[in-house]
Amino acid sequence: MYLCIYRSIYRSIYLSSYLSIYLAIYRSIYLSIYLSIYLSIYLSIYLSIYPSIYLSIYLSIHPSIHPSIYLSIYLSIYLSIHPSINKDKHVTLHRTRLTLGR
Numbered sequence: 000m001y002l003c004i005y006r007s008i009y010r011s012i013y014l015s016s017y018l019s020i021y022l023a024i025y026r027s028i029y030l031s032i033y034l035s036i037y038l039s040i041y042l043s044i045y046l047s048i049y050p051s052i053y054l055s056i057y058l059s060i061h062p063s064i065h066p067s068i069y070l071s072i073y074l075s076i077y078l079s080i081h082p083s084i085n086k087d088k089h090v091t092l093h094r095t096r097l098t099l100g101r
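If you're matching positions, the sequence shown starts at 0 in numbering that gives the first Met the number 0 and goes up one per residue.
Put into structure tokens, the structure is as follows:
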């Protein structure tokens, strides 16, 4: 009788500790991987599509409110986010022209 009670207590403690450790590790790994992938994809899509859609809709509704100002602001924000792409191409083209010109 005592052996049966002991086994049931041991099994319940073992299973509860095993499940708590397993779920803690699994949850943390799953959440870290899922959130990193989801957030990177969501933010890249959101930040690349939403400003251009918003700007085009806004300028189509209000075309008389200085569209060049909004376009220049959008371009300056875009170029400040991606400065390395344009600078690297320009520097590479400039270096290529210098080496070919010699």
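We put the CB at the ideal spot given by N, CA and C, even for glycine.
- The residues Pro50, Leu54, in chain order, have a CB closer than 7 Å to that of Tyr73 in the same chain once the five nearest residues on each side in sequence are set aside.
- Straight-line spacing of the CA atoms in Ser39 and Ser59 works out to 30 Å.
- Of the candidates Ile36, Tyr37, Leu70, the residue whose Cα lies closest to the Cα of Ile52 is Leu70.
- As the crow flies, the alpha-carbon of Ala23 is around 11 Å from that of Ser16.
- A direct Cα-Cα distance of roughly 11 Å separates Ile68 from Ser75.
- Beyond the five residues adjoining it in sequence on each side, Ser7 comes within less than 8 Å, by CB distance, of no other residue in the same chain.
- Cys3 has its alpha-carbon roughly 45 Å from the corresponding atom of Leu34.
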